[in-house]
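Below: the structure, in structure tokens.
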Amino acid sequence: MESTRSLKDKIFLIIKGLAMGAANKVPGVSGGVVAFVAGFYEEFIYSLQRVNKTAFKLLLNGRFVSFYRFINGRFLFLLFLGMVISYFSVSKLLDYLIIHYQLYVWSTFFGMILGSIYYINKDFKDWNSKTIIALIIGALVGIGISFLDPAKENDNLFFVFLCGIISVSGMTLPGFSGSFILIILGNYVLLLVDSVNALYDTISDVFSGNFEFIKNEARIRLLKVLTVFTLGSVTGLVTLSHLLNYILKHYKSITLATIIGFIIGSLGVVWPWKETIFKKNRNGEVLVDSTGKSVVENYQRFLPELNQETLIAIAYIALGIFIVLALEWYGKRTQRIKI
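Position 89 (the sequence shown) corresponds to 89 in the numbering used here; numbering is contiguous.
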């Protein structure tokens, strides 16, 4: 299979990894949607599902080339390379854009989710009582999650490992935002901001010959947290891929209907004009938790006023839809590559 991939396809695969990595970091957005719309979702699940007993036997017996080919290694390597690059580049750019251009960023992602709903639904013809119920359940779960109150930060390593397993759901299950789940669990900043920045700073120190970070207890703690989180994520990827591979084979229509429901339910999370309401004390001061972050009480969603800013935001929604349609077009071109 890999021999049929051109250099252009390999470059685009890295770019898809960049897009998945960026999407996974944005609360309310699912990296799995990128895989689904770009036309490599089933190959992604299939490749992860190949990490099984047979693969580990090949690895333990020193048959590294056979192991690499068995798990579709080049595909996974290029995709994850893009994701890793994303966490140190694109995701940092997204952090900046969300802070300074929040309305336009959410508008773009809102448009991408709308485009994803159109893309998945247009080819889905198996609507019946079961799939409609699955759609409704998926939407209700997605909406229900968006109204949960965030928990407090917890750096217990066992809990961090569980966060890793749960967070990768956004990569394997389109419409299910792993980063938003981390917000609900209270560990978004710890795992996707602080620990990633700690790794970035550590790599910079190593290359500059500065090893003082070894004495920095806070840095070492964050690196431990990131290591355990990564192990949990890998465990989650492999186990969830096996489960999803089975479900897609035996209950494909119900699964797709549920995915559409999840994506519809996630629209409320990325509604561009949402207003964050903070908890306040009797003096009107905003309450903060133990980490110094403001405590969110709920979200108030409302229709925007028709002004220049709103018109620009609508244009970004259209841009988001266009991005998805462009991914769909490219996905169709690459569907000739089969496993």
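By construction, the Cβ of each residue, glycine as well, lies at the ideal position given by its N, Cα and C atoms. Every value quoted in this text rests on a predicted model; they were computed, and no experiment measured them.
**Item:** Exposed unless 16 or more other CB atoms sit within 10 angstroms - verdict on T131
**Value:** Here the question's residue 131 lines up with position 131 in the sequence shown. Its Cβ being crowded by 16 or more others within 10 Å, T131 is buried.
**Asked** What is the rounded straight-line gap between the Cα of I323 and the Cα of E305?
**Response** Sequence index remark: in the sequence shown, residue 323 carries index 323 (1-based). Sequence index remark: in the sequence shown, residue 305 carries index 305 (1-based). Spanning the two alpha carbons is a distance of roughly 26 angstroms.
**Request:** Kindly provide the ranges of any alpha helix (DSSP H) runs that are 4 or more residues long and lie completely inside the stretch 189-250, ordered along the chain.
**Result:** With a minimum length of 4 residues, the continuous alpha helix (DSSP H) runs that stay inside the stretch 189-250 are 195-207 and 217-250.
**Prompt:** Assuming G138 contacts G265 under a Cβ cut-off of 8 angstroms, what Cβ separation, rounded to an integer in Å, is found between them?
**Reply:** For the purposes of this step, residue 138 is taken as residue 138 along the sequence shown, with counting starting at 1. For the purposes of this step, residue 265 is taken as residue 265 along the sequence shown, with counting starting at 1. Between G138 and G265 the beta-carbon gap is near 7 angstroms, inside 8 angstroms, which marks them as a contact.
**DSSP state of R63 mapped onto helix, strand, coil** = Within the sequence shown, residue 63 is the residue found at index 63, counting from 1. Here R63 sits in coil by DSSP.
**Message:** Quick check on DSSP: helix, strand or coil for F147?
**Reply:** To locate residue 147, count along the sequence shown from 1; it is residue 147. The three-state reading of DSSP puts F147 in coil, since its state is none of H, G, I, E or B.
**Unbroken alpha helix (DSSP H) run spanning I71, endpoints** = Start at 1 with the first residue of the sequence shown, and residue 71 comes out as number 71. Segment: none, I71 is in no alpha helix (DSSP H) and carries neither H nor E.
**Message:** Any contact between the stretch 157-176 and the stretch 238-245? By contact I mean 3 or more CB pairs, one from each, below 8 angstroms.
**Reply:** Yes: the two stretches touch, three or more of their Cβ pairs being nearer than 8 angstroms.
**Item:** C-alpha gap between L261 and T255, whole angstroms
**Value:** Here residue 261 refers to the residue found at position 261 when the sequence shown is read from its first residue. Here residue 255 refers to the residue found at position 255 when the sequence shown is read from its first residue. Before going on, a small fix: residue 261 reads as Gly here, not Leu. Rounded to the nearest angstrom, the two C-alpha atoms are 10 angstroms apart.
**Item:** Selection from Q102, L76, H250 and L231 that minimises the alpha carbon distance to C163
**Value:** Here residue 163 corresponds to residue number 163 of the sequence shown, with the count starting at 1. With distances taken between Cα atoms, C163 lies closest to L231.
**Request:** May I ask you to report which of helix, strand or coil DSSP gives E297?
**Result:** On the sequence shown, residue 297 is found 297 positions in, with the first residue counted as 1. Residue confidence is low: E297 scores 49 on pLDDT, short of 50, so the model does not pin down where it sits. No coordinate-derived value is stated.
**Request:** Find out if the Cβ-Cβ distance for the pair I263, I113 is shorter than 9 angstroms.
**Result:** Position 263 of the sequence shown holds residue 263. Position 113 of the sequence shown holds residue 113. The answer is yes: Cβ separation under 9 angstroms.
**Euclidean distance between Cα positions of V206 and L199** = Counting from 1 along the sequence shown, the entry for residue 206 is found at position 206. Counting from 1 along the sequence shown, the entry for residue 199 is found at position 199. Distance between the alpha carbons of V206 and L199 is about 10 angstroms.
**Message:** What does the alpha-carbon distance come out to for the pair D9 and T54?
**Reply:** Translated into the one-based positions of the sequence shown, residue 9 becomes position 9. Translated into the one-based positions of the sequence shown, residue 54 becomes position 54. Put simply, the backbone Cα of D9 is about 28 angstroms away from that of T54.
**Message:** Between I15 and the ligand GDP, is there a pair consisting of the residue's CB and a ligand heavy atom that are separated by less than 8 angstroms?
**Reply:** Here there are no bound small molecules, and the ligand GDP is not part of this structure.
**Prompt:** How big is the Cα-Cα spacing for S195 and L18?
**Reply:** To locate residue 195, count along the sequence shown from 1; it is residue 195. To locate residue 18, count along the sequence shown from 1; it is residue 18. C-alpha separation (whole angstroms): 19 angstroms.
**Asked** Are the beta-carbon atoms belonging to F75 and L13 less than 9 angstroms from one another?
**Response** If you number the sequence shown from 1, residue 75 lands on position 75. If you number the sequence shown from 1, residue 13 lands on position 13. For F75 and L13, yes; Cβs fall inside 9 angstroms.
**Prompt:** Is it right to say N24 is buried, meaning 16 or more other beta carbons lie within 10 angstroms of its own, or is it exposed?
**Reply:** Residue numbering aside, residue 24 sits at position 24 when the sequence shown is read from its first letter. In summary, N24 is buried, with 16 or more beta-carbon neighbours lying within 10 Å of its beta-carbon over all protein chains present.
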